[in-house]
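Input: a single structure, listed below in structure tokens.
Protein chains: 2
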Amino acid sequence: MQPDQLSLTFSALADPTRRAILQRLSEGEASVGELTAPFAISMPAISRHLKVLERAGLVVRTRNAQWRPVQLNATPLAEVANWVERYRGHWQGAFERMDAYLAELQKGDPDAKH
Amino acid sequence: MQPDQLSLTFSALADPTRRAILQRLSEGEASVGELTAPFAISMPAISRHLKVLERAGLVVRTRNAQWRPVQLNATPLAEVANWVERYRGHWQGAFERMDAYLAELQKGDPDAKH
DNA sequence: TTCGTATTTAACGCACCTGTTACATAACAG
DNA sequence: CTGTTATGTAACAGGTGCGTTAAATACGAA
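For the protein sequence lines, the chains are X and F, in the order given. Read in the numbering used here, the first sequence has 114 at position 114, and its numbers run on one by one without any break. Read in the numbering used here, the second sequence has 221 at position 107, and its numbers run on one by one without any break.
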């Protein structure tokens, strides 16, 4: 049983190197060499990161002579945005409660509960 | 070097069981037993999932007699929403291009490129 | 104290992730 | 064909993730 798309996307995003690759690609396509340069890890390692991103559908690869340019495909992120939006009310509520609490402290009530 | 908060959050969300737990908690706090019931896995396994969620700051635990109720804390999801929003333009662009392509086909142009 | 319920921790197995280095492929250039 | 450049694959090592069962712990009740 292989993981669902959302799990695939989330786990692809769970690595800072891969997120940095996506950010770079958001400025335009790049070769594997160009993507490797900013990092202190070997090209095979980047190649595998790209494979993970490709499996999650987050990048698309073409061919151009001996280069295999990588392009961003952000469509799987729509599902992520969708998923997280269902919780917006919850975190905004939490922030508001925190604000109210801080305001209470400001008014000079050092015994404010919660 | 331990992972940054965003990586921690993403990897916590990369498991369907954990996402289901969060969804259940969005309806209110629950005990570990209540959280285990809907799943076909053992309570120790759920306990570990909760530990992952707790480490990511997505749940908070209290104590009530021999129960340790679990509560949702959605605030780390704000960072996720923030991160993914930066790509909204990209995936919307991709969807629009797809729509345009389909419309082109509709008009009876079977040779439409891209 | 002793028992019962709720939950965590320990110990294990297995699979996967992420990096390395060395080698294999693919495609252009001469 | 041969060499060079760009990239992928193989083989290995160490760490981590996720499940199991069995044993420990925490608290309330009798």
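Ideal Cβ positions, reconstructed from N, Cα and C, are used throughout, including at glycine.
Contact set between residue i and chain X, taken where Cβ atoms lie within less than 9 Å
i	result
residue 94(F)	Lying outside 115 to 228, the shown extent of chain F, residue 94(F) is not represented and no answer is given.
Per DSSP, cross-strand counterpart(s) of residue i
i	result
residue 186(F)	173(F)
residue 67(X)	64(X)
residue 30(X)	70(X)
Chain-ordered chain X contacts of residue i [CB-CB under 7 Å]
i	result
residue 121(F)	14, 15, 16
residue 188(F)	87, 90, 91, 94
Integer-rounded CB distance, given that residue j should sit under 8 Å from residue i
i	j	result
residue 2(X)	residue 79(X)	Residue 2(X) to residue 79(X), Cβ: 16 Å. No contact.
residue 149(F)	residue 162(F)	Their Cβ separation, rounded to whole angstroms, is 12 Å, which puts residue 149(F) and residue 162(F) out of contact at 8 Å.
residue 69(X)	residue 26(X)	Actually they are not in contact, since the Cβ atoms of residue 69(X) and residue 26(X) sit about 15 Å apart, beyond 8 Å.
residue 175(F)	residue 168(F)	6 Å
Interface residues of chain F facing residue i [CB-CB closer than 7 Å]
i	result
residue 77(X)	198, 201, 205
residue 64(X)	Within 7 Å Cβ-Cβ: nothing; residue 64(X) doesn't reach chain F, min ~16 Å.
residue 39(X)	Here the premise fails: no neighbours, minimum Cβ distance about 15 Å.
Listed by chain order, chain X residues near residue i by CB distance under 8 Å
i	result
residue 194(F)	80, 84
> What residues in the region 12-33 of chain X bring their beta carbon closer than 7 Å to a beta carbon of chain F?
Replying inline: 13, 14, 15, 16, 26
>> Taking contact to mean 3 or more Cβ pairs, one atom from each stretch, closer than 8 Å, check whether the region 121-129 of chain F and the region 11-24 of chain X are in contact.
In response: yes
>> Quick test of the definition: if touching needs 3 or more C-beta pairs under 8 Å, does the region 79-90 of chain X touch the region 187-198 of chain F?
In response: yes
>> Under 9 Å, CB to CB, which of the residues in the region 196-212 of chain F have a partner in chain X?
In response: 197, 198, 199, 200, 201, 202, 203, 204, 205, 206, 207, 208, 209, 212
> How do the region 38-47 of chain X and the region 17-28 of chain X stand: do at least 3 beta-carbon pairs fall below 8 Å, yes or no?
Replying inline: yes
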